[in-house]
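Working notes, structure below.
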Amino acid sequence: MCDHPQLTTNCFLNGKPYILQLAISKLSLSLTLTNKNTFEKWKSTPSVEYIESMTRKTGNFKTFSVFTDMMRAVFLNGSSSLSMKLLTHSELEKISDNTLQASFPEGQVKKRVYFILVYTSEFDRIHYPLPMDYAGLPNPEILQATIHGLENDKCKLLKELEHCRVKNDSNKNAEFGSLKRSLVETAKQCADLGRKCQRVVEEFTRLKEQVEGEREIWRKELLQVKFEHERKMENLQAEVENVIGIVSPLLKMSSTNRMNVLGKLGIHNRASVSNQ
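The sequence shown maps to residues 175 to 450 in our numbering.
Okay, structure coming up:
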């Protein structure tokens, strides 16, 4: 049983896409390489002893736990000093690094693929190779079951997609209906407000005309009052001047003559009171 979750990464070998999977347990690790197009597989399950022996041959010994930590790090891109590459048997033969070649076990076959863990330090570059044996094509029954499972997954995804589309359309229709009702209500409110504004304008116009009419009436009445006041003032002024015209000569007369004149005018008593 694996002690850590399986790690997966995509890689290329001879320009073809592959899936590389890593699983680690306490006593071994497992590497599986799968061709994305043909589903051919290569596998490697080196033991603790094999890995520690291989690292010792490179001149840079690593314990199994340290090596597996390095493998996890390179799969997770967790270290700039670690990298990995895949080599075919023919590519391996072209490498001139004797240390690298000597670290491989004997009896290599042409279909074997090699996973290379590269550790780069300040002054050294160490290659840790792991041979991966060809496992052939998958069992047709297993492949058929896989295809059947993928078809079922496809059908489920299509149903979910259709459900999401219908739900999305339903939500859109509901939102559109709600928006339409909101717009209709807003239009109704605008129409009501327009009618109210029209009534206010009409009432304002009526009141304005009424005020202007009343103002004209008051203006005419004010002019009439002013005219009457001026006429009365003119009459009063004429009477005052008439009285002055009568009184002034009397004041210049002697008392006897004044009394005689006043007696003739019938205002004797008034004159007497005035002299007193």
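Just so you know, even glycine gets a beta-carbon here, dropped at the ideal spot from N, CA and C.
| query | result |
| --- | --- |
| Given a cut-off of 9 Å on the beta-carbon distance, is the pair LEU196 and MET245 in contact? | yes |
| Using the DSSP secondary-structure output, state which residues sit across from ASN209 in a beta bridge. | TYR192 |
| Return the chain-ordered list of same chain residues with a C-beta closer than 6 Å to the C-beta of THR208, the five sequence neighbours on each side being excluded. | ILE193, LYS215 |
| With DSSP run on the structure shown, which of helix, strand or coil describes GLY323? | helix |
| In chain order, what residues of the same chain have a beta carbon less than 6 Å from the beta carbon of PRO191, not counting five sequence neighbours either side? | LYS210 |
| Going by other Cβ atoms of all chains shown within 10 Å of its Cβ, with 16 needed for buried, is HIS301 buried or exposed? | buried |
| Rounded to whole angstroms, how far is the Cβ of VAL287 from the Cβ of THR262, which I believe are closer than 8 Å? | 6 Å |
| What would DSSP say about SER239, mapped onto helix, strand or coil? | helix |
| Taking the straight line between their C-alpha atoms, what separation do you get for ASN347 and ASP366? | 28 Å |
| Taking the beta carbon of LEU201 as the centre, do at least 16 other beta carbons fall within 10 Å, making it buried, or is it exposed? | exposed |
| Assuming MET228 is part of the alpha helix (DSSP H), what are its boundary residues? | 222-231 |
| Going by C-alpha distance, which of LYS333, THR232, LEU311, THR360 is nearest ARG299? | THR232 |
| Tell me, please, whether the region 221-228 touches the region 237-244 by the rule of three or more beta-carbon pairs shorter than 8 Å. | yes |
| In chain order, what residues of the same chain lie with their CB nearer than 8 Å to the CB of VAL248, ignoring the 5 residues before and after it? | LEU256, SER257, MET258, LEU291 |
| Could you compute how far the alpha carbon of MET175 sits from the alpha carbon of LEU203? | Caution is warranted here: a pLDDT of 49 is assigned to MET175, below 50, making its placement in the model unreliable, and no coordinate value can be reported. |
| Quick one: Cα of CYS364 to Cα of CYS338, how far? | 38 Å |
| Taking buried to mean at least 16 other C-beta atoms within 10 Å of its own C-beta, is PRO314 buried or exposed? | exposed |
| If PHE289 sits next to LEU205, beta carbons under 8 Å apart, how far is it from one beta carbon to the other, in whole angstroms? | 6 Å |
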